[in-house]
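Novice: The UniProt record's numbering puts the first residue of the sequence shown at 1, with every later residue one more than the last. This is the structure I have questions about; it appears just below.
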Amino acid sequence: MEKVRLLTGADAWSLRAAPALGLRRIVVSDGPAGVRGETWDERSPSANVPSPTALAASWDVTRIERVGRLLAHECRRKGVDVLLAPTVNLHRTPFGGRHFECFSEDPYLTGAIGAAFVRGLQAEGVAATVKHFVANDSETERFTLDAVVDERVLRELYLLPFELIVAEGRPWAVMSSYNAVNGHTMSESPLVQQVLRDEWGYDGVVMSDWGATRSAHADVDLAMPGPDSPLDPPDVDARLARLRRLNERTAEREATPWSEAEIAAELRAAAAAGFVLARNHGSLLPLTGSSLRRVAVIGPNAAHARTLGGGSATVFPPYTVSPLEGLRTALPHAEVGYAPGVKAHTRLPVADVSVELRDGDRTERRETGDFTWFGKPRTVEVHTTITAERAGEHVIGASGVGHFTLTLDGAIAFDEALALRPGADPGEHLFAPPQRGVPVTLEAGQTVDVVLRAEGVTAFQLNHEPPFPERAFEDAVALARDADLVVVVVGTTPEVESEGFDRSSLALPGRQDELVEAVTDANPKTVVVVNAGAPVLMPWVKRAPGILLAWFPGQEGGHALADVILGAAEPGGRLPTTWPQAEDGLPGVQPVDGVLRYAEGLKVGYRGDVQPLFPFGHGLGYTSWQYLAMDGTKVRLANTGTRRGREVVQVYASKPDSAVERPARWLVGFAVVEADAGEEVIVDVPLAPRAFQHWDGGWQTEPGDFVLEAGRSVADLKLRSVVAP
């Protein structure tokens, strides 16, 4: 029985120690945007790297490997042995709420980027956890849905990234997903033993997602979290052997140290490398700082940019650089004005306050209104004051699951229980909890004494929303009209992109589209920066001369944005996922009677029939390239511009005479090259291990010739060659 207990966690974030069996306490932590550690609040800040989609947009495996090493340093600094990353599910549809946490719609690009992430992390002695095995590509009913996927589609798309990473990254841990696939819950699926272990030769630990184990005879080695689990398999010793191997692989050693300056520089460069310049009409960018006297920075995300998506991957960075701050720092001699224009969020924001948190006889000072802990529910009181910076109607309230009593200036404002709606994802108590707010009319400078009592909670927030300026829209347009440059920062909100739920629309929330249209009409020298982890609709696309996709760029995003706009850095990104023109025809995320059918088959993203606004692989730079010749997989090209530049050479395969149903073309290789102005380079593009294979009861290669095409995107191919595999 003692051995069986070792197959479940000691608590939410650690494994049990058993020195006699060679097992020490191992600490695990989310996630891909930074290392949270065992404490999830502002007292334990974490370096916030660009989101996985932003990293993948660089198409740069060398850079991704460096980011992995940086995260290993963060793990060691926080006492973490196992990082619960990378997430290598596919961008099956942009409606997926966790899209930002995954790399790409393409299995080969996902596998190559994921393997580099794993190699960087594990080179420093920290285990990577490749997740979520498999077909956990959306959030709606994620705990119970059955993803029904054709065997060929499963092999060629959804399993392929895991297969490539097992072969090329050799991860030490894999996490099974909540969902079922073709009738088998993944923690009990034959895919774990028969495919992952037996066929691919994977020798690491398989852990469940948190609370996903439903059978005593599941195929996982480790049921998380602890301390209770139904796991009681017959082959305990084999599973303990894999846990001992994880112990040995993560044996305590110092990761390569990084200084704060080195971390900042790496994150700044990584953000710029992932920025995608989608449109640059009239070569608006780059701009020269000395030519700018008045700059208008506009939009709800400009002063408070989203640096990461919502959910378990959330971390508390030591600082964040907003677009406004980045541009003001880079343009010290210019007048850089700001106007929010519109409000995009619908939920009450966390109060920006210093508080006294009282828990029984204990009192502590906290610099936030956001509180989370792991363990048993508690009853606590928050004491603080809120001073109005602006006169008008403020809203003060609470978010969470539990009983809340809000007292303002000694009078009870509300006293009631808040609960999740029936059928809600359990994670919503963390990611989108119910809220209750009360309006309070205040004069500028007026202070309110606030006491919030929260009973039976493990997470809650004190909320405060000040009044929004009545003429904010008009003020933004007026500011734009007289500027030498306008930077409009629009994007999604935590209500739109997060773990725990999917998107219901790809439109920008609120009146952001109207804002872009009004500002571009007022001043044609406008760059629209899209601060979102996934595609959004752009009804204004032809009106905006410059469009820069910034994703969730991490804590240094504002500095990176200024670097790119002013030409200190080239926007290095290429789209890792298709940006659709419209929502019509995209795969859905809503299960029917508990079943989500992947009816689109192989036709995902660029492999399908959806009309792109910007195609897979698209991205502009600050120089020009000429593709000169192609011989097999060798491509010769020249930088024909006036400055040093970076190009992502992409190679796609096709088989026009195929007897097998295939997409028109599919990515089989890519390489990053850099060259000075006028320089010519030759690159030999490595091909994917299964570049020419399809699944038909096993991996098959169809006889005959295949066509290889090289170019700048799936829609901009310059050269071709014919090969016979």
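Glycine included, C-beta positions come from ideal geometry on N, C-alpha and C.
1) Using 8 Å as the cut-off, can you tell me whether the segment 13–20 makes contact with the segment 288–299, which would need three or more C-beta pairs spanning the two stretches below that distance?
2) According to DSSP, what are the bridge partners of M175?
3) Measure how close the beta-carbons of V88 and P190 come, nearest whole angstrom, since I'm counting them as under 8 Å.
4) Using the DSSP secondary-structure output, state which residues sit across from K634 in a beta bridge.
5) Leaving out the 5 sequence neighbours to the left and right, which residues in its chain are closer than 8 Å to P466 when beta-carbon positions are compared?
6) Does the count of Cβ pairs from the segment 87–107 and the segment 278–291 closer than 8 Å reach three?
7) With distances taken between CB atoms, is the gap from G491 to V527 smaller than 8 Å?
8) Quick one, which of D696, G704, V134, A638 has its alpha-carbon nearest A677's?
9) Nearest to P32 by alpha carbon, out of A12, A56, L83, V61?
10) Based on the DSSP secondary-structure assignment, which residues constitute the bridge partners of L548?
11) For R142 and N523, I'd like the C-alpha separation in whole angstroms.
12) Rounded to the nearest angstrom, how far is the Cβ of E381 from that of R453, given a contact under 8 Å?
13) Would DSSP call A562 helix, strand or coil?
14) Would you check if there are 3 or more beta carbon pairs closer than 8 Å linking the segment 53–68 to the segment 265–277?
15) If you drop the 5 nearest sequence neighbours on each side, which residues of the same chain put their C-beta closer than 6 Å to that of T346?
16) State the DSSP-derived secondary structure class of T447, mapped to helix, strand or coil.
17) Could you pull the start and end residues of the alpha helix (DSSP H) that F162 belongs to?
18) Using CA atoms only, rank isn't needed, just tell me which of A251, T640, P225, L331 is closest to E680.
19) How would you call K376, buried or exposed, if buried means at least 16 neighbouring beta carbons within 10 angstroms?
20) Have a look at A305 and S312 and give me their C-alpha separation to the nearest angstrom.
21) From which residue to which residue does the alpha helix (DSSP H) around V519 run?
22) Which residues in the same chain have their Cβ closer than 6 Å to the Cβ of A507, if we skip the five residues on either side of it in sequence?
23) By how many angstroms is the C-alpha of D232 removed from the C-alpha of N179?
24) Counting Cβ pairs closer than 8 Å, one from the segment 242–256 and one from the segment 118–133, do we hit at least three?
25) Span of the alpha helix (DSSP H) holding K131?
26) First and last residue of the beta strand (DSSP E) that includes H394?
27) Measure from the alpha carbon of G619 to the alpha carbon of each residue in R36, V181, W59, P50, then state which is nearest.
28) According to the Cβ coordinates, are A483 and R294 closer than 8 Å?
29) Which stretch, first to last residue, makes up the alpha helix (DSSP H) that contains T213?
30) I need the boundaries of the beta strand (DSSP E) containing T384, first residue and last residue.
31) Rounded to whole angstroms, what is the Cα-Cα separation between R76 and Y319?
32) How far does the alpha helix (DSSP H) with P116 in it extend, from its first residue to its last?
33) Give me, in chain order, the residues of the same chain whose beta-carbon lies closer than 6 Å to that of V489; leave out the 5 immediate sequence neighbours on both sides.
34) What residue range is occupied by the uninterrupted beta strand (DSSP E) comprising A91?
35) For A212, which of R665, S177, Q193 has the nearest alpha-carbon?
36) Between the alpha carbons of S290 and V486, how many angstroms are there, rounded?
Specialist: So, from the data block:
1) no
2) M207
3) The Cβ separation is near 20 Å, so there is no contact.
4) D631, D684
5) A388, E389, R390, G392, H394
6) no
7) no
8) A638
9) L83
10) L277, V529
11) 45 Å
12) 5 Å
13) helix
14) yes
15) E495
16) strand
17) 160–168
18) T640
19) exposed
20) 19 Å
21) 512–522
22) L537
23) 21 Å
24) yes
25) Taken as a continuous stretch (DSSP letters only), K131 belongs to no alpha helix (DSSP H), being part of the beta strand (DSSP E) at 127–133.
26) 392–400
27) W59
28) yes
29) Segment: none, T213 is in no alpha helix (DSSP H) and carries neither H nor E.
30) 378–387
31) 20 Å
32) Sequence check: residue 116 is Ala here, not Pro. That run of the alpha helix (DSSP H) goes 107–122.
33) G299, N301, A302, P323, V529, N531
34) Sequence check: residue 91 is His here, not Ala. Run containing H91: none; DSSP gives neither H nor E here.
35) S177
36) 16 Å
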